[in-house]
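Beneath this line is the structure, given in structure tokens, with notes to follow.
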Amino acid sequence: MNLLDHVLLGARDLEATVSRLRRELGLGAVPGGSPAPGVINAVVPLEPPLYLELVTATDAGASDAAARLAAATAAGDRLFTWAIEPDDIGARAASLGIEPMSGGGDTGRWRLLGEVEQDLPFFIEYDVARPGRVEGWRRTYAEAAHECAPGRVTYLEVGGDESGVRQWVGDVDVQLRMVGGEPRLAAMGIATDQGEIVLR
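Here the numbering used here is used: the first residue of the sequence shown is 1015, the next is one more, and so on.
Right under this line is the structure:
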């Protein structure tokens, strides 16, 4: 079974988005870094090791990723894409006919399969297995000091051709609500102790 790893929310202004999510939804965030040239991030930890990654383009000319993100957020914040941790990235790569790419600097802390773009999710595999990452994410969760105790992702609302999306994604541990139309991540639900939060 493939597992939802994280969701990316594109933000025009990272600091403003962090403030808005706390003020309006009670979600806390912790500072991140620069996952790609011209891109900075912050992290909203959910049920460990799930998380919401807030990403902002600071220099659209620095990389293709920054250019795509800048274009997507030109009109404001929007859900950008999502990442899946496959049960076997080698087998997934073979079935899709593409090669994984190493990331995380010189140490190659993870491998990516697919492009980080709006049309489809991408796959990610870490050097540290999922159970080994949970304790670190528990500490990050505490650091975020949420006001609403966010937990699991309840669903993802996904646009595009349903058969194509499901063939790409395979079996995944989150409910997908297919809405057709433009290929995109249209919405997500997050369970909290104060009821479900919906982000669009």
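Cβ coordinates follow ideal geometry from the N, Cα and C atoms, glycine included.
**Bridge-paired residues (DSSP) for ASP1207** = GLY1209
Secondary structure of VAL1142, DSSP reduced to three states: coil
*asked:* Checking 7 Å against the spacing of the C-beta atoms, do ALA1205 and GLY1165 come in under that value?
replied: yes
For this session: Can you give me the start and stop residues for the beta strand (DSSP E) that THR1095 sits inside?
Result: 1092–1099
(request) Given a cut-off of 7 Å, decide if LEU1083 and ALA1097 are closer than it, judged by their beta-carbon atoms. (result) no
| request: Could you tell me which residues DSSP puts in a beta bridge with ALA1056? | output: PRO1045, LEU1068
Status (buried if at least 16 other CB within 10 Å, exposed otherwise) for PRO1145: exposed
- Length at least 3, wholly inside the segment 1106–1138: the beta strand (DSSP E) runs in chain order: 1115–1117, 1124–1127
| Does DSSP classify TRP1089 as helix, strand or coil? | Here the sequence assigns Ala to residue 1089, which means Trp is not the residue at that position. ALA1089: coil per DSSP, three-state reduction.
Item to check | Inter-residue spacing [alpha-carbon to alpha-carbon] between SER1109 and GLU1038 | outcome: 42 Å
Checklist entry - With burial defined as no fewer than 16 other Cβ atoms inside 10 Å of the residue's Cβ, what is the status of VAL1032: buried or exposed? => result buried
- Task: Determine the contact status of GLY1042 and CYS1162, defining contact as a CB-CB distance below 7 Å.
- Result: no
**Study point:** alpha helix (DSSP H) segment containing GLU1038, residue limits
**Key:** 1028–1039
### Message
Since ARG1026 and GLY1075 should fall inside the 8 Å C-beta cutoff, what is the C-beta to C-beta distance between them, to a whole number of angstroms?
### Response
17 Å between Cβ atoms; not a contact.
Inset, instruction - Could you tell me which of PRO1100, LEU1127, GLU1099 sits nearest to GLY1111, measuring between CA atoms? - result: LEU1127
Euclidean distance between Cα positions of GLU1210 and GLY1203 = 6 Å
**Report entry** Close Cβ partners of PRO1062 (< 7 Å) along its chain, the five nearest in sequence each way excluded
**Finding:** VAL1148, TRP1151, ARG1152, TYR1155
* Closest to ASP1101 by CA distance: which of GLU1157, VAL1183, GLY1117 is it? -> VAL1183
Please report the distance separating the alpha-carbon of ALA1088 from that of ARG1180. 29 Å
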